[in-house]
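Throughout the sequence shown, residue numbering follows the numbering used here, covering 42 to 259 in sequence.
Here a beta-carbon is modelled for each residue, glycine too, at the ideal position from N, C-alpha and C.
Quick caveat: nothing in here was measured; it's all calculated off a predicted structure.
What follows is a single structure, written as C-alpha coordinates, with notes after it.
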Amino acid sequence: MANNEVKPTYRPEVFHVKNLEHAKSIILTPEDSTTDERWEKETPYLADEAFPYLGLGPDKVVLDYGCGVGRMAKVLIERSGCTVIGVDISQQMRELAPAYVEDDRFTICARPAFEAMISNGLRVDAAIAIWVLQHCPNVKSEIDIIKSALKPSAPLFVCNNLQAVIPTNLGWVDTGFEVKTLLADNFDEISRSRLSPKFVAPLVSATSFVGKYKNKSD
42 MANNEVKPTY RPEVFHVKNL EHAKSIILTP EDSTTDERWE KETPYLADEA
92 FPYLGLGPDK VVLDYGCGVG RMAKVLIERS GCTVIGVDIS QQMRELAPAY
142 VEDDRFTICA RPAFEAMISN GLRVDAAIAI WVLQHCPNVK SEIDIIKSAL
192 KPSAPLFVCN NLQAVIPTNL GWVDTGFEVK TLLADNFDEI SRSRLSPKFV
242 APLVSATSFV GKYKNKSD
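Right, dumping it as C-alpha coordinates:
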(Lines of atoms letter the chains of each structure in order from A and count residues from 1; the text may use other names and numbers.)
(Lines give C-alpha, C1' and ligand atoms only; values in the text may rest on other atoms or scores of the structure.)
Protein backbone atom coordinates (compact mmCIF):
# COMPACT_ATOMS: atom_id res chain seq x y z
CA MET A 1 0.00 0.00 0.00
CA ALA A 2 2.86 2.34 0.75
CA ASN A 3 3.98 2.15 -2.88
CA ASN A 4 0.60 3.56 -3.92
CA GLU A 5 0.95 6.60 -1.68
CA VAL A 6 0.57 9.81 -3.65
CA LYS A 7 3.56 12.08 -3.16
CA PRO A 8 3.17 15.86 -3.25
CA THR A 9 4.29 17.57 -6.45
CA TYR A 10 5.22 21.24 -6.52
CA ARG A 11 2.52 23.35 -8.21
CA PRO A 12 3.72 26.90 -8.95
CA GLU A 13 0.54 27.48 -10.96
CA VAL A 14 -1.05 28.75 -7.75
CA PHE A 15 0.86 31.98 -8.40
CA HIS A 16 -0.62 32.37 -11.90
CA VAL A 17 -3.06 35.24 -11.37
CA LYS A 18 -5.75 36.87 -13.50
CA ASN A 19 -5.58 40.47 -12.29
CA LEU A 20 -4.36 42.72 -9.46
CA GLU A 21 -7.12 41.76 -7.03
CA HIS A 22 -6.45 38.07 -7.60
CA ALA A 23 -2.74 38.71 -7.06
CA LYS A 24 -3.41 40.50 -3.78
CA SER A 25 -5.50 37.57 -2.52
CA ILE A 26 -2.60 35.19 -3.20
CA ILE A 27 0.11 37.48 -1.80
CA LEU A 28 -1.77 38.11 1.46
CA THR A 29 -4.28 35.40 2.33
CA PRO A 30 -6.88 36.44 4.95
CA GLU A 31 -5.46 34.50 7.98
CA ASP A 32 -8.22 35.55 10.44
CA SER A 33 -8.38 38.98 8.78
CA THR A 34 -8.98 40.13 5.19
CA THR A 35 -6.60 40.63 2.31
CA ASP A 36 -7.42 44.34 2.13
CA GLU A 37 -6.96 44.87 5.88
CA ARG A 38 -3.61 43.08 5.83
CA TRP A 39 -2.51 45.11 2.80
CA GLU A 40 -3.37 48.40 4.47
CA LYS A 41 -2.01 47.66 7.98
CA GLU A 42 0.82 45.22 7.40
CA THR A 43 2.54 47.02 4.51
CA PRO A 44 3.47 50.22 6.40
CA TYR A 45 4.27 48.18 9.53
CA LEU A 46 6.81 46.04 7.68
CA ALA A 47 8.20 49.13 5.97
CA ASP A 48 8.65 50.77 9.39
CA GLU A 49 10.52 47.67 10.58
CA ALA A 50 12.71 47.34 7.49
CA PHE A 51 13.43 50.94 6.52
CA PRO A 52 15.76 52.08 9.34
CA TYR A 53 17.63 48.78 9.33
CA LEU A 54 18.26 48.71 5.58
CA GLY A 55 19.69 52.24 5.53
CA LEU A 56 18.01 53.17 2.27
CA GLY A 57 18.49 56.33 0.23
CA PRO A 58 18.50 57.54 -3.38
CA ASP A 59 21.94 56.01 -3.96
CA LYS A 60 20.94 52.49 -2.83
CA VAL A 61 19.88 49.51 -4.94
CA VAL A 62 17.61 47.00 -3.19
CA LEU A 63 16.65 43.44 -4.14
CA ASP A 64 12.99 42.57 -3.48
CA TYR A 65 13.10 38.78 -3.78
CA GLY A 66 9.66 37.33 -4.44
CA CYS A 67 8.27 40.83 -4.93
CA GLY A 68 4.85 39.86 -6.29
CA VAL A 69 3.21 42.98 -7.69
CA GLY A 70 5.66 45.27 -5.89
CA ARG A 71 3.76 45.92 -2.64
CA MET A 72 6.90 46.53 -0.57
CA ALA A 73 8.97 47.94 -3.43
CA LYS A 74 6.45 50.73 -3.92
CA VAL A 75 6.55 51.95 -0.32
CA LEU A 76 10.35 51.66 -0.02
CA ILE A 77 10.83 53.75 -3.16
CA GLU A 78 8.30 56.33 -1.96
CA ARG A 79 10.03 56.65 1.41
CA SER A 80 13.67 56.66 0.31
CA GLY A 81 14.02 57.22 -3.43
CA CYS A 82 15.99 53.96 -3.69
CA THR A 83 16.09 51.77 -6.77
CA VAL A 84 14.45 48.35 -6.47
CA ILE A 85 15.08 45.23 -8.52
CA GLY A 86 12.17 42.84 -8.10
CA VAL A 87 12.44 39.12 -8.79
CA ASP A 88 9.40 36.85 -8.99
CA ILE A 89 8.46 33.41 -10.28
CA SER A 90 5.04 34.50 -11.59
CA GLN A 91 4.97 35.94 -15.09
CA GLN A 92 1.54 37.42 -14.44
CA MET A 93 2.72 39.24 -11.32
CA ARG A 94 5.81 40.46 -13.18
CA GLU A 95 3.48 41.96 -15.78
CA LEU A 96 1.25 43.62 -13.15
CA ALA A 97 4.05 45.02 -10.98
CA PRO A 98 5.29 47.98 -13.10
CA ALA A 99 1.80 49.50 -13.25
CA TYR A 100 1.26 48.98 -9.51
CA VAL A 101 4.60 50.48 -8.43
CA GLU A 102 4.43 53.16 -11.14
CA ASP A 103 8.00 54.39 -10.72
CA ASP A 104 10.97 54.31 -13.10
CA ARG A 105 13.23 53.35 -10.20
CA PHE A 106 11.60 49.91 -10.16
CA THR A 107 12.41 47.05 -12.50
CA ILE A 108 11.45 43.38 -12.37
CA CYS A 109 12.67 40.12 -13.85
CA ALA A 110 12.56 36.34 -13.50
CA ARG A 111 15.20 34.44 -11.56
CA PRO A 112 17.22 33.28 -14.63
CA ALA A 113 17.67 36.88 -15.79
CA PHE A 114 18.69 37.95 -12.29
CA GLU A 115 21.21 35.12 -12.05
CA ALA A 116 22.74 36.36 -15.30
CA MET A 117 23.07 39.84 -13.80
CA ILE A 118 24.84 38.40 -10.76
CA SER A 119 27.18 36.42 -13.00
CA ASN A 120 28.04 39.69 -14.73
CA GLY A 121 28.95 41.39 -11.47
CA LEU A 122 25.72 42.87 -10.08
CA ARG A 123 25.73 43.36 -6.31
CA VAL A 124 22.98 45.12 -4.37
CA ASP A 125 23.13 47.27 -1.23
CA ALA A 126 20.28 45.54 0.61
CA ALA A 127 17.59 42.90 0.16
CA ILE A 128 14.13 41.98 1.41
CA ALA A 129 12.24 38.69 1.18
CA ILE A 130 8.64 39.04 2.37
CA TRP A 131 6.36 35.98 2.66
CA VAL A 132 8.25 34.13 -0.07
CA LEU A 133 10.85 31.67 1.23
CA GLN A 134 8.26 29.45 2.92
CA HIS A 135 6.78 28.70 -0.52
CA CYS A 136 10.04 27.61 -2.17
CA PRO A 137 10.60 23.85 -2.65
CA ASN A 138 14.39 24.34 -2.72
CA VAL A 139 14.79 27.20 -0.27
CA LYS A 140 18.55 26.73 0.06
CA SER A 141 18.89 27.55 -3.64
CA GLU A 142 16.86 30.76 -3.18
CA ILE A 143 18.94 31.79 -0.18
CA ASP A 144 22.10 31.19 -2.22
CA ILE A 145 20.82 33.61 -4.89
CA ILE A 146 20.08 36.32 -2.32
CA LYS A 147 23.44 35.80 -0.66
CA SER A 148 25.37 35.99 -3.93
CA ALA A 149 23.53 39.19 -4.92
CA LEU A 150 24.34 41.07 -1.70
CA LYS A 151 27.50 43.06 -1.14
CA PRO A 152 29.62 41.87 1.81
CA SER A 153 27.99 42.87 5.14
CA ALA A 154 24.88 44.17 3.32
CA PRO A 155 21.58 43.92 5.24
CA LEU A 156 18.75 41.47 4.56
CA PHE A 157 15.22 41.82 5.99
CA VAL A 158 12.98 38.74 6.02
CA CYS A 159 9.34 38.16 6.94
CA ASN A 160 8.37 34.51 6.83
CA ASN A 161 6.30 31.65 8.20
CA LEU A 162 7.92 29.50 10.87
CA GLN A 163 7.11 26.39 8.79
CA ALA A 164 7.32 25.64 5.09
CA VAL A 165 4.09 26.15 3.12
CA ILE A 166 4.70 24.62 -0.31
CA PRO A 167 1.93 24.66 -2.97
CA THR A 168 1.44 21.11 -4.24
CA ASN A 169 -1.10 18.85 -5.94
CA LEU A 170 -2.14 17.84 -2.41
CA GLY A 171 -2.60 21.41 -1.20
CA TRP A 172 -0.22 23.46 0.94
CA VAL A 173 2.39 21.11 2.44
CA ASP A 174 4.91 21.55 5.25
CA THR A 175 8.06 19.80 4.00
CA GLY A 176 9.78 20.15 7.36
CA PHE A 177 12.55 22.60 6.59
CA GLU A 178 13.06 25.61 8.86
CA VAL A 179 13.81 28.82 6.99
CA LYS A 180 15.06 30.53 10.15
CA THR A 181 17.76 27.86 10.60
CA LEU A 182 18.93 28.11 7.00
CA LEU A 183 19.05 31.90 7.24
CA ALA A 184 21.08 31.77 10.46
CA ASP A 185 23.49 29.31 8.82
CA ASN A 186 24.09 31.53 5.79
CA PHE A 187 23.96 35.06 7.23
CA ASP A 188 24.87 36.83 10.45
CA GLU A 189 21.58 37.01 12.37
CA ILE A 190 21.15 40.43 13.98
CA SER A 191 17.67 39.87 15.42
CA ARG A 192 14.57 37.72 15.03
CA SER A 193 11.14 38.30 16.55
CA ARG A 194 7.42 37.70 16.14
CA LEU A 195 5.31 40.13 14.17
CA SER A 196 3.48 42.57 16.43
CA PRO A 197 -0.18 41.60 17.10
CA LYS A 198 -0.94 45.33 16.97
CA PHE A 199 -0.51 45.21 13.21
CA VAL A 200 -1.24 41.60 12.22
CA ALA A 201 -3.83 39.02 13.24
CA PRO A 202 -2.92 36.84 16.25
CA LEU A 203 -2.63 33.80 13.96
CA VAL A 204 -0.04 35.56 11.79
CA SER A 205 1.89 36.78 14.83
CA ALA A 206 1.99 33.28 16.33
CA THR A 207 3.13 31.46 13.19
CA SER A 208 5.69 33.81 11.62
CA PHE A 209 8.76 35.96 12.26
CA VAL A 210 10.69 38.98 11.07
CA GLY A 211 14.44 38.62 10.87
CA LYS A 212 17.27 41.07 10.33
CA TYR A 213 20.48 39.67 8.89
CA LYS A 214 23.76 40.76 7.37
CA ASN A 215 25.65 39.08 4.58
CA LYS A 216 28.89 37.63 5.84
CA SER A 217 31.95 39.75 5.11
CA ASP A 218 34.32 37.99 2.73
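Burial state of residue i (16 or more Cβ within 10 Å)
i	result
residue 170	buried
residue 138	buried
residue 142	buried
Beta-carbon proximity list for residue i, same chain, < 6 angstroms, skipping 5 on both sides
i	result
residue 108	114, 127 and 129
residue 211	49
residue 79	69
residue 208	52 and 55
residue 133	57 and 58
residue 101	123 and 166
residue 135	129 and 149
residue 110	64, 134, 137, 138 and 141
Contact under 8 angstroms by Cβ, residue i with residue j
i	j	result
residue 196	residue 104	no
residue 72	residue 251	no
residue 254	residue 224	yes
residue 213	residue 220	no
residue 180	residue 218	yes
residue 147	residue 125	yes
residue 238	residue 232	no
residue 74	residue 242	yes
Check: residue i C-beta below 7 angstroms from any heavy atom of the ligand SAH
i	result
residue 205	The model on display carries no ligand, and the ligand SAH is accordingly not part of it.
Terminal residues of the beta strand (DSSP E) in which residue i lies
i	result
residue 202	196–202
residue 141	Run containing residue 141: none in the beta strand (DSSP E); it sits in the alpha helix (DSSP H), 132–142.
residue 5	Since the first residue shown for the chain is 42 and the last is 259, residue 5 is missing from the structure and cannot be characterised.
residue 206	Counting along the chain, residue 206 falls outside any beta strand (DSSP E), and DSSP gives it neither H nor E.
Segment limits, alpha helix (DSSP H) that includes residue i
i	result
residue 94	76–95
residue 244	243–247
residue 222	220–227
residue 151	Unbroken run through residue 151: none, as it is neither H nor E.
residue 190	180–190
residue 61	61–68
Close-in-space but distant-in-sequence residues of the same chain around residue i (CB under 7 angstroms, 5 per side omitted)
i	result
residue 202	175, 248 and 249
residue 65	76 and 80
residue 173	106 and 107
Close beta carbons around residue i, own chain, < 8 angstroms, minus the five adjacent residues each side
i	result
residue 168	103, 104, 105, 106, 187, 190, 191, 195, 196, 197 and 198
residue 98	121, 122 and 123
Query - Touch test, the segment 142–157 against the segment 67–87, Cβ-Cβ under 8 angstroms, three pairs minimum - result: no
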